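Asker:
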């Protein structure tokens, strides 16, 4: 146990050092991708909790992200910004003068998303498998449609623009405060989920995934656990949504279509359902690849410009991974020091075996 | 300890249990034998509240548990070893055992109990870190029993523990049941292997299409002509 704490502290230290190095050397564009990668890590890890660990195929993530994003935006904008944004229809009076600092607004975004998770999860989690997937997908879309039509609260399909970015991190003003916020959130999210799934509560979630009836016979309250998993998952989705809004500086309902959910699901599947480290690795790799592969769209090696070629290549990569790693990159294992050292040992051992 | 009066259960439109009554006294092995579809499993599932009874009462230590939730029933001390073992295949042996103790908070006692289970089943100790799905059928049955013991039950219900196991292993399983019983556990056992079950049972009930047709001590039932004909293959 002590060793575990020490290794985790070392990992956190490494992440912080890397962040310091990166944010000093990377340009604005690359730093933005780094932030986006962090946000996707939060999305993927939180979705993995309900889909990978609890085994409930819930596809309402985009909806919860939207709740977080809108809550954050409406809380953090001052009244001038709001009156600038709401030019077609004025904002409802009780929201017009609200002006919260960054951190409380983000947390509120998470809390409201969690509440949405509770309200949707409670009736819907009685369903299983495909039915659950369809119902949650529907509710995700309903949230988006509601946001499109409540013009006096969300500004409807016009969206909200000029969302301010935080300029200070923990009351210290600094250049890349936002990067620090994002990656602090990432570290907290990852540690929280690690602790959660290795607790007895997390074991119960896995038991539900493995065999619901047997878990029930062991005294696990199936329904309560599913709903809690959903609430926690949507809470972190909301936190990620708030950060996404801040990064994008502009949001509109179309951002939160079900394609967003599928992008996250893809990351989770690639990383391995039921592996937090898998989700982290895959979220970072996919986000970077999505940007890096852009050169394909712009025409290369004599090829003409083909918009969307990037996605073709990406789909092919996905197919290959699914063919050769059907359980994703990590399966449901976690990356650990033991495994890394073992892997190196294996490389080390090989020549000796050949000599035999 | 456990007393069932006039229990009725419907599955959809099927009247699966037609008013059965039975009693499980403390520190005894009680067995329920019968053919496929007689309602043996349904009885156990009704006791642990995985299915609802439409009529009748289930009294455990002077309390009617027929309206409680499964979680509450397990808390009261009734644990089911489900039919077909149903261990959690992608969790390790240790994790499976810890899940059995899910409703308990006494960390130290849980540790002691895990060691106690390992004393019973040394094979499980050897395979502590192995995924339960990779165990053999007999080992999985041991794990299922061990997992149930981890909840510290007062009454252990077993649904066909010999199902799909090789004859030699079946013998082992019945030895284990006897051992657990000798430690003072009350056991309600369901078996198709009527001979083996009646041999170790203090008292038995014969269930036929939802009603109890015969009852008696294990020895009585073993010598009963009707039982011999129908279940012991003579």
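Residue numbers (the numbering used here), protein chains in the order written: chain A, 20 to 375; chain B, 112 to 345. Idealized CB from N, CA, C, for every residue including glycine. No experiment lies behind these values; they were computed from the predicted model shown.
I need the DSSP call for residue 116 of chain B, collapsed to helix, strand or coil.
Answerer: strand
Asker: Starting from the C-beta of residue 373 of chain A, find all residues in its chain whose C-beta is less than 6 Å away, skip the five residues before and the five after it, and write them out in chain order.
Answerer: For residue 373 of chain A, the predicted structure reports a pLDDT of 46, less than 50, and the residue's modelled location is therefore unreliable. The matter cannot be settled from this model.
Asker: Kindly indicate if chain B contains any beta-carbon less than 7 Å away from that of residue 310 of chain A.
Answerer: For residue 310 of chain A, the answer is no, since every Cβ of chain B falls outside 7 Å of its Cβ.
Asker: Tell me which residues of the segment 185 to 219 of chain B have at least one Cβ-Cβ distance to chain A shorter than 7 Å, keeping chain order.
Answerer: 185, 186, 191, 193, 197, 199, 200, 201, 202, 206, 209, 210, 211, 213, 214
Asker: Apart from the five residues just before and just after residue 100 of chain A, which ones in its own chain have a Cβ nearer than 7 Å to its Cβ?
Answerer: 181
Asker: Would a check of beta-carbon distances place residue 353 of chain A closer than 7 Å to chain B?
Answerer: no
Asker: Could you check which residue in A:36, A:173, A:285 has the C-alpha nearest to that of residue 341 of chain A?
Answerer: A:285
Asker: Is residue 116 of chain A helix, strand or coil by DSSP?
Answerer: coil
Asker: Determine which residues share a DSSP beta bridge with residue 121 of chain B and list them.
Answerer: B:126
Asker: What residues in the segment 142 to 162 of chain B bring their beta carbon closer than 8 Å to a beta carbon of chain A?
Answerer: Result list: 159, 161.
Asker: On a CA-only basis, which of B:179, B:195, B:238, B:172 is nearest residue 134 of chain B? Give me that one, please.
Answerer: B:172
Asker: Report the option in A:77, A:92, A:209, A:242 whose CA atom is closest to the CA atom of residue 181 of chain B.
Answerer: Scanning A:77, A:92, A:209, A:242 for the CA closest to the CA of residue 181 of chain B turns up A:242.
Asker: Since residue 327 of chain B is in the beta strand (DSSP E), which residue starts that stretch and which ends it?
Answerer: Residues 322 to 328.
Asker: Taking three-plus beta-carbon pairs below 8 Å as touching, is the segment 285 to 300 of chain A in contact with the segment 206 to 222 of chain A?
Answerer: Yes: at least three Cβ pairs fall under 8 Å.
Asker: Does DSSP put residue 268 of chain B in a helix, in a strand, or in coil?
Answerer: strand
Asker: Taking all protein chains shown into account, do 16 or more other C-beta atoms lie within 10 angstroms of the C-beta of residue 83 of chain A, making it buried, or fewer, making it exposed?
Answerer: Flag for residue 83 of chain A reads buried.
Asker: Output needed in chain order: residues of the segment 209 to 230 of chain A with a Cβ under 7 Å from some Cβ in chain B.
Answerer: 219, 222, 223, 225, 226, 229, 230
Asker: List, in order along the chain, the chain B residues whose C-beta lies closer than 9 Å to that of residue 240 of chain A?
Answerer: Proximity of chain B to residue 240 of chain A at the Cβ level (cut-off 9 Å) is accounted for by 180, 181, 182, in chain order.
Asker: Verify the CB distance criterion: does residue 233 of chain A have a CB-CB separation below 7 Å to chain B?
Answerer: yes
Asker: Cα separation between residue 185 of chain B and residue 299 of chain B?
Answerer: 15 Å
Asker: Spell out whether any CB of chain B is found under 7 Å from the CB atom of residue 12 of chain A.
Answerer: Since the first residue of chain A shown is 20 and the last is 375, residue 12 of chain A is not available in this structure.
Asker: Taking the alpha carbon of residue 303 of chain A as the reference point, which residue from A:124, A:54, A:105, A:89 has its own alpha carbon closest?
Answerer: Restricting attention to A:124, A:54, A:105, A:89, the CA atom closest to the CA of residue 303 of chain A is found in A:54.
Asker: Mind pulling the chain A residues with CB within less than 8 Å of residue 262 of chain B?
Answerer: Close partners of residue 262 of chain B in chain A (Cβ separation under 8 Å): 237, 238.
Asker: How about residue 151 of chain B and residue 301 of chain B: are their beta carbons less than 7 Å apart?
Answerer: yes
Asker: For residue 324 of chain A, count neighbouring C-beta atoms within 10 Å of its own C-beta (all shown protein chains included) and say buried if the count is 16 or more, exposed if not.
Answerer: Its Cβ having fewer than 16 others within 10 Å, residue 324 of chain A is exposed.
Asker: What three-state label does DSSP hand residue 301 of chain A in the structure shown?
Answerer: helix
Asker: Do you know offhand how far residue 248 of chain B's Cα is from residue 206 of chain A's?
Answerer: Approximately 42 Å, taken between the alpha carbons.
Asker: Could you name the residues that DSSP lists as bridge partners for residue 187 of chain A?
Answerer: Residue 187 of chain A is bridged to A:192.
Asker: Can you list, in chain order, the residues of its chain with a C-beta nearer than 6 Å to that of residue 351 of chain B? Leave out the 5 residues immediately preceding and following it.
Answerer: Limits of chain B in this structure are 112 at one end and 345 at the other, which puts residue 351 of chain B out of reach.
Asker: Would you call residue 226 of chain B buried or exposed, if buried means 16 or more other Cβ atoms sit within 10 Å of its Cβ?
Answerer: exposed
Asker: Could you tell me whether the segment 32 to 48 of chain A touches the segment 273 to 280 of chain A, where touching means 3 or more Cβ pairs closer than 8 Å?
Answerer: no
Asker: Look at residue 74 of chain A and residue 222 of chain A and say whether their C-beta atoms are less than 7 Å apart.
Answerer: no
Asker: Should the segment 145 to 164 of chain B be called in touch with the segment 342 to 358 of chain A, which here means at least 3 C-beta pairs below 8 Å?
Answerer: no
Asker: Across which residues does DSSP place residue 171 of chain B in a beta bridge pair?
Answerer: B:113, B:174
Asker: For residue 326 of chain A, collect the residues of the same chain with a Cβ closer than 7 Å to its Cβ; drop the 5 residues on either side in sequence, then sort them by chain order.
Answerer: Within the same chain, residue 326 of chain A has close Cβ partners 316.
Asker: Between B:126, B:128, B:138, B:124, which has its C-alpha nearest residue 295 of chain B's C-alpha?
Answerer: Residue B:138 is the option with its Cα nearest to residue 295 of chain B.
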